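Notes to accompany the following structure.
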Amino acid sequence: MAELDMAAQKWNEEGDKEFNNGNWSEALSHYTKAIELATDDAEKGLYYDNRAAAYFEQGNYDEAIEDCNSVLKIFPNVPVTLFRRFLSLTELERFEEAFEKNENETIISSYSNDTSCSNDTSDSNDSPHLYIPLQFREISDKYIKEKVSQIMDLAFNVSADQEKRENAVITLLRLTRWRTDAYEFFIKKVGKDDEVICSAIRIVAELCKNNVSRTNCKSTMINVVLPWCLMDIMNSKSTERVNASQYCLQIILNTYSGMNDEPDSKPDEVLCEMHEEIIDKYLSSLLDKIENETTTGIARDALIEFITRNIHYTALNWAKKLIEFDGLLTLMEVASQCQSEYCNSLDITSSTQTITSVCLTKIDENLDENDKKRFFNIINKFIRKNLNSTDVECHVNAIVAMITLTFGPFNVANTFITEDGFDMIIVKFWNENDLLLQKVICEFIYVGVTKYDEFIMFIRESLPILEKLFYSEDPSNLDNLTSFKSIQVRAFVNICKMSKFEEIKYFRAACMFVDDEVRIFVWLEICGQFLISPQRDMRKWAVAGLSYLTFNPVVKNTLIEDRQAVEAIIEFAKTENQSILYQVDILLVNLCSAYDKEDLIIEKKTFVDRFYLKELIQVADNNVRERQRVLAHAGVTSALVSLAKTGSENSKELIARVFHAICSRQELRKIVIQEGGTEALLLLALNGTDKGKIDATRALVYLALTTSPEVAFPGQIITEVVQPISHLLNPERSINERCDALTALCNLASVNNSIREHIFKTKYEKIERCMRDNDNQLKRTSIQLTNNLVSCRKVAFQLVEQRSDQLRESMMSSMVDDTNENIIYTKKELAGMFVTLTAASEEACKKLIGWDFWLIYLRFLLNDRHNDLQHKGTEITLNMMKSAKDVAVKLMEMDTIMEQVKALSKNDTMQNKEIKKLASLVLEAVAEWDNIEGNVEGNKSSDSTDNTD
Numbered sequence: 001m002a003e004l005d006m007a008a009q010k011w012n013e014e015g016d017k018e019f020n021n022g023n024w025s026e027a028l029s030h031y032t033k034a035i036e037l038a039t040d041d042a043e044k045g046l047y048y049d050n051r052a053a054a055y056f057e058q059g060n061y062d063e064a065i066e067d068c069n070s071v072l073k074i075f076p077n078v079p080v081t082l083f084r085r086f087l088s089l090t091e092l093e094r095f096e097e098a099f100e101k102n103e104n105e106t107i108i109s110s111y112s113n114d115t116s117c118s119n120d121t122s123d124s125n126d127s128p129h130l131y132i133p134l135q136f137r138e139i140s141d142k143y144i145k146e147k148v149s150q151i152m153d154l155a156f157n158v159s160a161d162q163e164k165r166e167n168a169v170i171t172l173l174r175l176t177r178w179r180t181d182a183y184e185f186f187i188k189k190v191g192k193d194d195e196v197i198c199s200a201i202r203i204v205a206e207l208c209k210n211n212v213s214r215t216n217c218k219s220t221m222i223n224v225v226l227p228w229c230l231m232d233i234m235n236s237k238s239t240e241r242v243n244a245s246q247y248c249l250q251i252i253l254n255t256y257s258g259m260n261d262e263p264d265s266k267p268d269e270v271l272c273e274m275h276e277e278i279i280d281k282y283l284s285s286l287l288d289k290i291e292n293e294t295t296t297g298i299a300r301d302a303l304i305e306f307i308t309r310n311i312h313y314t315a316l317n318w319a320k321k322l323i324e325f326d327g328l329l330t331l332m333e334v335a336s337q338c339q340s341e342y343c344n345s346l347d348i349t350s351s352t353q354t355i356t357s358v359c360l361t362k363i364d365e366n367l368d369e370n371d372k373k374r375f376f377n378i379i380n381k382f383i384r385k386n387l388n389s390t391d392v393e394c395h396v397n398a399i400v401a402m403i404t405l406t407f408g409p410f411n412v413a414n415t416f417i418t419e420d421g422f423d424m425i426i427v428k429f430w431n432e433n434d435l436l437l438q439k440v441i442c443e444f445i446y447v448g449v450t451k452y453d454e455f456i457m458f459i460r461e462s463l464p465i466l467e468k469l470f471y472s473e474d475p476s477n478l479d480n481l482t483s484f485k486s487i488q489v490r491a492f493v494n495i496c497k498m499s500k501f502e503e504i505k506y507f508r509a510a511c512m513f514v515d516d517e518v519r520i521f522v523w524l525e526i527c528g529q530f531l532i533s534p535q536r537d538m539r540k541w542a543v544a545g546l547s548y549l550t551f552n553p554v555v556k557n558t559l560i561e562d563r564q565a566v567e568a569i570i571e572f573a574k575t576e577n578q579s580i581l582y583q584v585d586i587l588l589v590n591l592c593s594a595y596d597k598e599d600l601i602i603e604k605k606t607f608v609d610r611f612y613l614k615e616l617i618q619v620a621d622n623n624v625r626e627r628q629r630v631l632a633h634a635g636v637t638s639a640l641v642s643l644a645k646t647g648s649e650n651s652k653e654l655i656a657r658v659f660h661a662i663c664s665r666q667e668l669r670k671i672v673i674q675e676g677g678t679e680a681l682l683l684l685a686l687n688g689t690d691k692g693k694i695d696a697t698r699a700l701v702y703l704a705l706t707t708s709p710e711v712a713f714p715g716q717i718i719t720e721v722v723q724p725i726s727h728l729l730n731p732e733r734s735i736n737e738r739c740d741a742l743t744a745l746c747n748l749a750s751v752n753n754s755i756r757e758h759i760f761k762t763k764y765e766k767i768e769r770c771m772r773d774n775d776n777q778l779k780r781t782s783i784q785l786t787n788n789l790v791s792c793r794k795v796a797f798q799l800v801e802q803r804s805d806q807l808r809e810s811m812m813s814s815m816v817d818d819t820n821e822n823i824i825y826t827k828k829e830l831a832g833m834f835v836t837l838t839a840a841s842e843e844a845c846k847k848l849i850g851w852d853f854w855l856i857y858l859r860f861l862l863n864d865r866h867n868d869l870q871h872k873g874t875e876i877t878l879n880m881m882k883s884a885k886d887v888a889v890k891l892m893e894m895d896t897i898m899e900q901v902k903a904l905s906k907n908d909t910m911q912n913k914e915i916k917k918l919a920s921l922v923l924e925a926v927a928e929w930d931n932i933e934g935n936v937e938g939n940k941s942s943d944s945t946d947n948t949d
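Taking the UniProt record's numbering, the leading residue of the sequence shown gets 1, the next gets one more, and so forth.
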């Protein structure tokens, strides 16, 4: 046995020599013989370690790992072996194994505690290839940085193998969990590159998608994904990053709950119960982030929206758990925040209040009766606590929370509003003369008046407050002047809004629009100042005020001269939240006078009637064209395009009115097209109220009448626009509207045969109905469109094939002798349509020649006393004669037709010499067919003779 061990030791020494000379294969052979001969486990462990080093240097990492594992079975936690195994695993990109926390901590702690190790390699007992520096952490740090850089390059390489990318991201997640320096290096390398960060988030989402085992990995999801997405990545002012993070959150929740991307997907109750602890932790993390003061406004909105989207699922039971986890109080804190630098502990956006109100509504809707009581009690306690406080800031929070509740679960707000004494609380707070408090009270009154008509008592208490402020003198303190005026604007808008209530007529403010023109222009100036103010919350009040003031024609003309104000209105329409966009729509309608005289905007009708403005509106507006021009050149189309994507059906109707008013001006249509108005108009023409769709369609018709169709309706739009335009062909529309629609379709049809076929296939019945109308203008225009359509060979044949009865009816109705010029012109248009049809389709000619009535109609044209009809009859005959042999033969057999043609060819007295020329061409065609026939017969005779011979 001893001899074998001595032999093994000699082979090992030979292996060391070859190793030091870089001869890896020879070293491997010697180490292998040493392993085979060794009987002592300790010696064998050393030989395995040496062979692992040789394999590593040779690049055979799998074999190196196997030998390292053999060593570790004999000597667990050997730092050198662990480190070599670590390096081999990372070279093979087996990152999951390489970065096991316990193993790497063992390497670090072992070297840190090993005082016997030395950099001196002169000791013969220490093989050089076993030497690993004491500074493992330094080596590891450098290696980690290099590896993180390589991993990131792989993870964010969209062309790389998907599985490798996923492994790379898993490695990054593991590294950032146990190596702070790796996380810091990752953040430093990523920097502020939103595209890279969003890519990382999406990869995480794909990793977790439908993969519970991977999502459930504590090192990946619980300790990495949540803090990484919520605390570091989602907390951003980048909308793209926030949206990507929100998507990732939904994917993770879907994986745990068994949902998918389908709209009707629901959580699986079994899975939700199995993962209840994790899902609860998930919800708690969301709430922690929502109430965190460092969270950005858009991130907070996204988190609340995420909860709202999933709150109705019974299996999740989040509505009840929000109460249990104090989540309702968290949402109430958000609901009580106002956009003021003086009273706002959380960052919020202009949409936060609306988003929170929707969430509170969804919670209330998904609770049973017992939990509804808890819901109300928690909110009641929150409101009362703030109302009873001596701190004005708490009073502000209470009123703001009430505004949010009024938008949301109104049954809760209703209890406070209708409760005895609440109106007195409002009066009390108003008398505190705190400007911020008075602002939010005005907003609360506005919300109450806007949404609910039943609060008469509350409104009666509010009116004196508003009127007193309305007529108040400016404060002597100039520092408070702007704030004071901002409250006055709110009061002004509220009084206008309250015009729907009978009580308003008893107040002096109601006389403002009748006999106080000076004050009207004072309000115009104030609203104009706030319209361009940096105070974003005041812009909506300025727009609301102007939406009332601009019913006065003089105010319209004054406002349109303020270029800065006009630009502000347009920019406001593009960027602000939906809570005020309807007022922007009304303001633009007023400036364009884009309303029917008897069809005023419903919301403003009472206001107009109350203040005797209807007479002013109905007066001839001589400046409307100039106002429309100014708005168009200021970019109103781009604003309308933005507005068309949001808002209610009523809002879209107002936008369509403005579009129609602008497009009615031919010189402005080019601007509408250049700024993308066509697509917006198509959207409005297909969706919204009936009137809104008609106005948008009329605007599309205006564009089609005067602009090249390829320019006005690029790409697929040219096909899609046919449908709404055809709606104007319905009998209830006016003659002018129907004629314009037909002309617009005619222009579209001029583009190519594909459009002609589409129009004929989908809308010809409506066109034909117009052709049979008693109005000659409408009939003539529909024939002109048909004339364009039949220039397509397929359409020409299909018309004759499918609509033969209708064509006969048209021909019959035109065969009357009438001196009326309009009727004669219509007859000419119909004949012209047949000229085009017979020239386009040989198949159509074959069909026509088989009609008995066709001979009568053709003879009628050739005999008509009007040269134009004779000309078209002759041209039709020539087209048919040239179309096909069998058609020509049948024509030649029609003696009456041929006699008329011969007579026309010899008539030297007719004014239209072209008719004689065409008739001669018909006869020449007859001669050609005869010649061909003669040659054919001669050839047949010759063939017969040859055969006989």
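C-beta atoms are modelled at their ideal positions from N, C-alpha and C, and glycine is treated no differently. From a predicted model like this one, the values you see are computed outputs, not experimental measurements.
Between G677 and T637, the C-beta gap is smaller than 8 Å, which places the two residues in contact. The Cβ neighbour count for K827, taken over all protein chains shown within 10 Å, is at least 16; the residue is labelled buried. Exclusion of the five residues before and after A413 leaves M402, L405, T406 as the residues of its chain whose Cβ lies within less than 7 Å of its Cβ.
A direct Cα-Cα distance of roughly 11 Å separates E291 from G297. Distance from the Cα of A2 is smallest, within the candidate group S357, S29, E43, for E43. In the three-state reduction of the DSSP assignment, L559 falls in the helix class. When only Cα atoms are considered, I379 and M332 end up about 7 Å apart.
Using a 10 angstroms sphere on the CB of L4, the tally of other CB atoms stays under 16, which defines it as exposed. By the Cβ rule, the region 480 to 489 counts as touching the region 525 to 541, because three or more pairs are nearer than 8 Å.
In this structure, F325 lies away from Q250, with their beta-carbon atoms at least 8 Å apart. With a 10 Å radius around the Cβ and a threshold of 16 neighbouring Cβ atoms, Q674 comes out exposed. Taking C-beta atoms as the reference points, L742 and V721 fail to come closer than 8 Å. Between V835 and E875 a beta carbon distance of about 5 Å is seen, short of the 8 Å cut, so the two are scored as contacting. By the C-beta density criterion, K373 is exposed, having fewer than 16 other C-beta atoms within 10 angstroms.
In the structure shown, E276 adopts helical secondary structure according to DSSP, grouped into three states.
Secondary structure note for Q674: its alpha helix (DSSP H) is the uninterrupted segment 669 to 674. Of all C-beta pairs linking the region 545 to 563 to the region 625 to 643, three or more are shorter than 8 Å, placing the two stretches in contact. Between the alpha carbons of A205 and Q246 lies a distance of about 10 Å. A Cβ-Cβ distance of about 4 Å is found for the pair W11 and A34, placing them in contact under the 8 Å criterion.
If you check the CB distance, H312 and K362 come in under 8 Å. A contact between stretches requires three or more CB pairs, one per stretch, nearer than 8 Å, and the region 783 to 801 meets this requirement with the region 836 to 849. With fewer than 16 other CB atoms across the displayed protein chains lying within 10 angstroms of its CB, L481 is exposed.
Within the same chain, and ignoring the five residues on either side of V790 in sequence, the residues whose Cβ sits closer than 7 Å to its Cβ are A796, L799, M833, T836, L837, A840. Secondary structure within the UniProt repeat "TPR" (45 to 78): the alpha helix (DSSP H) runs of 4 or more consecutive residues, fully enclosed, are 61 to 74 (chain order). Sixteen is the threshold: since fewer than 16 other Cβ atoms of the shown chains lie within 10 Å of the Cβ of T239, the residue is exposed. Relative to G408, the option among T354, L588, N907, L869 whose CA is nearest is T354. By the CB criterion at 8 Å, E393 and V427 fall outside the cutoff. V412: member of the alpha helix (DSSP H) spanning 410 to 418, first to last residue. For P267, no alpha helix (DSSP H) segment is defined, and its DSSP state is neither H nor E. Where S813 is concerned, the enclosing alpha helix (DSSP H) starts and stops at 804 to 814.
Per the coordinates, the alpha-carbon of E801 lies some 31 Å from the alpha-carbon of S920. One Cα belongs to M812, the other to F860, and the distance between them is close to 10 Å. Nearest in C-alpha terms to V889, of all of G850, K439, I425, is G850. When secondary structure is reduced to three states using DSSP, L683 falls in the helix class.
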